[in-house]
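2 protein chains.
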Amino acid sequence: MVFTKEVFEKTLKANGMKLTNQRLLVYQVLSSCPGKHLTAEEIYECVKADYPDIGLATVYRTIQLLLELNLIDWVNFDDGFIRYEIGSDLSNDQKHHHHHLICQKCQKVLSFEDDLLDELEKNIYQKTGFSVVNHKVKLYGICKECGGKLN
Amino acid sequence: MVFTKEVFEKTLKANGMKLTNQRLLVYQVLSSCPGKHLTAEEIYECVKADYPDIGLATVYRTIQLLLELNLIDWVNFDDGFIRYEIGSDLSNDQKHHHHHLICQKCQKVLSFEDDLLDELEKNIYQKTGFSVVNHKVKLYGICKECGGKLN
DNA sequence: GTCCATGCAAATGATTTGCAGTATC
DNA sequence: GATACTGCAAATCATTTGCATGGAC
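In order, the protein sequence lines correspond to chains P and H.
What the first sequence shows, in the numbering used here, is residues 1 to 151, in sequence order.
What the second sequence shows, in the numbering used here, is residues 1 to 151, in sequence order.
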C-alpha cells in the first residue's frame, strides 16, 4: 500500500482529524527519509524550509498523531533524543522487522532486516510461557568501514 | 568473583577514589536487588532509610561512577526513567547476556538468559561486515499469567 | 592538611501544555 | 460557524552542575 497525500488525508478524516499543511509537511519529510532517524528538531528544521511559520510544538503534536495512526516508528539511541522514521509496510499484521546496528567508533546506524528472532521467541515461549509480539533490538559493535572483525 | 565491601573498596582505591558511606550504601542497595530495575529516585529512597542525609545528586553521581567501573548496567524502558541493576558476572570479557521481556498487560519485566543471538550476530557479520560486541534486546508481549499465547 | 566528595539549590534541555487566535470543513 | 489546529510562551521533570562545606586518607 502506497501512502500518497490522498491516503494520508483519508486516514486523518477517518479519525475525525483535519488535513493541514503542517501535518502534510511533517509526514512528507519523514516519508522522504526512509531509514534515516530524525529527531523532532530535525523534522522541524526540514519543514521550516517550506513553511517558516510552523512551531516546534506542532511538530511534536503531529509526531504523536502519526505514532497513534501507526504511520511512523520511534527509536531511542539513548543520546537524549527520540528519533522517528517512516513505518515499514503495514499492509498486514506482520511488520517488517529491522534491527539497528550502532557503530561504536563512527556512531553510524545501519538497519538489518531479519526474522532470526523467531527462533529465540519460540524458545522463550516454551521456557517461560511469555508470548512475544514485538521487539526492539539494538546491536552495538564496529562497522565494516571502521574495521569490524569477528572477535 | 564475589564483590564484597573489601573488593568494592579496592576497586575505588585502584582508581584514586575514596570509599564513603554514601557510595557503599548505593552499591549495597543495587547488590541486594539483583534482577530489579531501580530508578535513581528508588535507590535514593532506599539509601535514605539508612542514611537520611544523602542527597539525590550524590546518588546520581555514584551511579555514574558505578557505571564507569562497570559494576552496574542500565536499562531504558522508555517511560522517562533510566533504571539500574547490578552487573552480571564480569570475571572475564564474556558477559552473561540477558534480555528483557516486557508484559504489555501488567507491565512486569522478566529477564531471560540466552545466547541465541550468536547466530544472528554471525549472520550480520557475514552479510554486512559489522561485528557485534554487545546488544540490548527488549521483547514486548504477554506474560504467562496474563494469558500469553503463541499467535 | 590536601583534595575529593557531598548537599543544596539552581541550571539544563527535550518534550508537553494552556491559551488565545486561526484555519479547516 | 463550529470546532479542531496552531504558535507562542510558560511549565514540566529527570538529570546535571556550581559552589561552599565537610569528610577521607
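The beta carbon of each residue, even a glycine, is placed where N, CA and C say it ideally should be.
- For the pair Trp-74 of chain P and Glu-45 of chain H, the Cα-to-Cα distance works out to about 32 Å.
- Counting the other Cβ atoms within 10 Å of the Cβ of Ser-131 of chain H gives 16 or more, which makes it buried.
- Per DSSP, Ile-54 of chain P lies in no beta strand (DSSP E) segment and is marked neither H nor E.
- Spatial neighbours of Cys-146 of chain H in its own chain (CB-CB distance under 7 Å, excluding positions within 5 residues in sequence) are listed in chain order as Cys-103, Lys-105, Cys-106.
- For Thr-4 of chain P and Lys-10 of chain P, the gap between their C-alpha atoms comes out near 10 Å.
- Chain-ordered listing is empty here: chain H has no CB closer than 8 Å to the CB of Thr-20 of chain P, the nearest sitting near 28 Å.
- Our two residues, Ile-86 of chain H and Val-26 of chain H, have alpha carbons roughly 11 Å apart in a direct line.
- Remark: C-beta atoms of Val-47 of chain P and Val-29 of chain P approach each other more closely than 7 Å.
- Using a CB distance cut-off of 7 Å, Ile-72 of chain P does not count as an interface residue toward chain H.
- Contact between His-135 of chain P and Lys-138 of chain H holds, since their C-beta atoms are separated by about 6 Å, short of 8 Å.
- Scanning H:Leu-116, H:Ala-49, H:Thr-39 for the CA closest to the CA of Ile-63 of chain H turns up H:Thr-39.
- The continuous alpha helix (DSSP H) containing Leu-120 of chain H extends over residues 117–128.
- Taking a 10 Å sphere around the C-beta of Glu-41 of chain P, we find fewer than 16 other C-beta atoms and assign the residue as exposed.
- Asn-123 of chain P and Leu-120 of chain H do not touch by the CB rule: their CB atoms are close to 13 Å apart, not below 8 Å.
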